[in-house]
Amino acid sequence: GDSVTQMEGPVTLSEEAFLTINCTYTATGYPSLFWYVQYPGEGLQLLLKATKADDKGSNKGFEATYRKETTSFHLEKGSVQVSDSAVYFCALSSGGGADGLTFGKGTHLIIQP
Amino acid sequence: DVKVTQSSRYLVKRTGEKVFLECVQDMDHENMFWYRQDPGLGLRLIYFSYDVKMKEKGDIPEGYSVSREKKERFSLILESASTNQTSMYLCASSTTGSRNQPQHFGDGTRLSIL
Chain A
1 GDSVTQMEGP VTLSEEAFLT INCTYTATGY PSLFWYVQYP GEGLQLLLKA TKADDKGSNK
61 GFEATYRKET TSFHLEKGSV QVSDSAVYFC ALSSGGGADG LTFGKGTHLI IQP
Chain B
1 DVKVTQSSRY LVKRTGEKVF LECVQDMDHE NMFWYRQDPG LGLRLIYFSY DVKMKEKGDI
61 PEGYSVSREK KERFSLILES ASTNQTSMYL CASSTTGSRN QPQHFGDGTR LSIL
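Residue numbers (the working numbering), protein chains in the order written: chain A, 1 to 113; chain B, 1 to 114.
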């Protein structure tokens with residue numbers, strides 16, 4: 001079946017550091033890939049998505065590129081802020097849209113001033 | 001913007017009680033989902049529905065049931081609550097058509113079973 005693997009953390013960085021959160025997946029066919037973010041006490045918000053190979057999703061300074069050859073969708077940001085502290089989830093959808101997403105276990109990111 | 005509203009942010013119930021968690025979305029989405037979120041396990045799909053009165057089991061349906069009598073409302077039911085059902089429950093909705101459509105989440109219900 002489908003699966004998503006991501007580094008679990010916690011990942012602790014200083015403000016303005018470069019961020020990479022690794023995500024790899026296994027899936028049948030050609031899934032769509034997503035990054036969601038969960039701030040403390042809140043539900044999940046879509047951060048960015050990519051729907052085919054070599055697509056780059058971007059939002060709020062975050063980027064991720066759909067790499068089919070390495071089955072990866074790593075999240076990057078050039079300069080993190082304290083407000084980026086949250087839990088980040090990588091997810092995929094390989095069904096027709098009516099099925100649930102398959103999530104990684106989440107990466108807890110802590111940014112220190 | 002899509003709004004997914006879960007009826008309670010925090011809920012405390014007792015073992016053996018029948019518990020209802022309610023979710024309403026305002027964007028006429030066809031698909032609705034219930035997940036539970038536990039530390040170290042991420043999000044796991046309990047049930048989903050792609051139409052009124054339709055339901056499908058997810059990865060962990062045991063001990064749960066669902067109801068979808070109206071398109072905008074999707075209820076999760078714990079028939080006889082147990083302590084291992086203490087968790088954060090997240091509802092989501094999406095429009096249909098392709099796997100490109102993201103899911104939109106509510107703020108979650110943190111349920112404690114004593």
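Beta carbons: idealized from backbone N, C-alpha and C, even for Gly.
Contacts around residue i, its chain only, beta-carbon distance under 6 angstroms, and the 5 residues preceding and following it disregarded
i	result
I80 (chain B)	Per the sequence shown, the amino acid found at residue 80 (chain B) is Ser instead of Ile. So the qualifying residues of the chain are G16.
D117 (chain B)	Nothing about residue 117 (chain B) can be read from this structure; chain B reaches only from 1 to 114.
K68 (chain A)	A53
S67 (chain B)	S75
Y39 (chain A)	A86
P10 (chain A)	H108, I110
D26 (chain B)	K3
S7 (chain B)	E22
M32 (chain B)	S49, F74, S93
Close-in-space but distant-in-sequence residues of the same chain around residue i (CB under 8 angstroms, 5 per side omitted)
i	result
Q63 (chain A)	What sits at residue 63 (chain A) in the sequence shown is Glu, not Gln. These residues qualify, in order along the chain: L48, K56, G57, L75, E76, K77.
I60 (chain B)	R36, R44, L45, I46
E69 (chain B)	V52, K53
T70 (chain A)	T24
K60 (chain A)	L47
C-alpha gap between residue i and residue j, whole angstroms
i	j	result
K105 (chain A)	T5 (chain A)	7 angstroms
S93 (chain B)	G42 (chain B)	18 angstroms
H29 (chain B)	T51 (chain A)	20 angstroms
L44 (chain A)	W35 (chain A)	10 angstroms
T13 (chain A)	L19 (chain A)	Inspection of the sequence shows that residue 13 (chain A) is occupied by Leu rather than by Thr. If I take the Cα positions, the gap works out to 8 angstroms.
S26 (chain A)	K57 (chain B)	Here the sequence assigns Thr to residue 26 (chain A), which means Ser is not the residue at that position. So the alpha carbons of these two residues sit roughly 22 angstroms apart.
I113 (chain B)	I21 (chain A)	34 angstroms
G100 (chain A)	H108 (chain A)	23 angstroms
T24 (chain A)	D107 (chain B)	27 angstroms
F63 (chain B)	Q81 (chain A)	Contrary to the premise, residue 63 (chain B) reads as Gly rather than Phe in this sequence. Their Cα atoms are separated by approximately 42 angstroms.
K13 (chain B)	L111 (chain B)	8 angstroms
S32 (chain A)	T65 (chain A)	12 angstroms
Y10 (chain B)	G41 (chain A)	11 angstroms
T96 (chain B)	E72 (chain B)	14 angstroms
S65 (chain B)	Q103 (chain B)	21 angstroms
S82 (chain B)	W34 (chain B)	18 angstroms
V37 (chain A)	T5 (chain B)	18 angstroms
Y50 (chain B)	P113 (chain A)	45 angstroms
Q85 (chain B)	D84 (chain A)	30 angstroms
T109 (chain B)	A17 (chain A)	34 angstroms
A91 (chain A)	F103 (chain A)	4 angstroms
L78 (chain B)	F73 (chain A)	36 angstroms
E8 (chain A)	E15 (chain A)	20 angstroms
F89 (chain A)	G40 (chain B)	12 angstroms
Within-8 angstroms CB hit, residue i to chain C
i	result
Y10 (chain B)	Absence of chain C from the displayed structure is noted, the protein chains being A and B.
Nonlocal neighbours in the same chain, by C-beta distance under 7 angstroms from residue i, ignoring five residues either side
i	result
G29 (chain A)	S94
K55 (chain B)	Y47, S49, V66, R68
Q116 (chain B)	The requested residue 116 (chain B) does not occur in the structure, where chain B is confined to residues 1 to 114.
### Query
Do the region 15 to 35 of chain B and the region 86 to 100 of chain B make contact, defined as three or more Cβ pairs closer than 8 angstroms?
yes
### beta strand (DSSP E) runs wholly inside the region 25 to 101 of chain B, at least 3 long, in chain order
31 to 38, 42 to 49, 64 to 70, 73 to 78, 87 to 94
### Query
Using a Cβ cut-off of 7 angstroms, which residues of the region 82 to 114 of chain B contact any Cβ in chain A, in chain order?
L90, S94, T96, G97, S98, R99, N100, Q101, P102, Q103, F105, G106, D107, G108
### Task
Give the residues from the region 42 to 71 of chain A that approach chain B closer than 8 angstroms (Cβ to any Cβ), ordered along the chain.
E42, G43, L44, Q45, L46, K49, T51
### Task
Jot down the residue ranges of each uninterrupted beta strand (DSSP E) in the region 24 to 66 of chain A, minimum 3 residues, whole runs only, in chain order.
32 to 38, 44 to 50, 56 to 59, 62 to 65
### Query
If you measure beta-carbon to beta-carbon, which residues of the region 34 to 66 of chain B are closer than 7 angstroms to chain A?
G40, L41, G42, L43, L45, F48, Y50, G58
### Message
Which residues of the region 17 to 42 of chain A have a Cβ closer than 7 angstroms to any Cβ of chain B? Give them in chain order.
### Response
P31, S32, F34, E42
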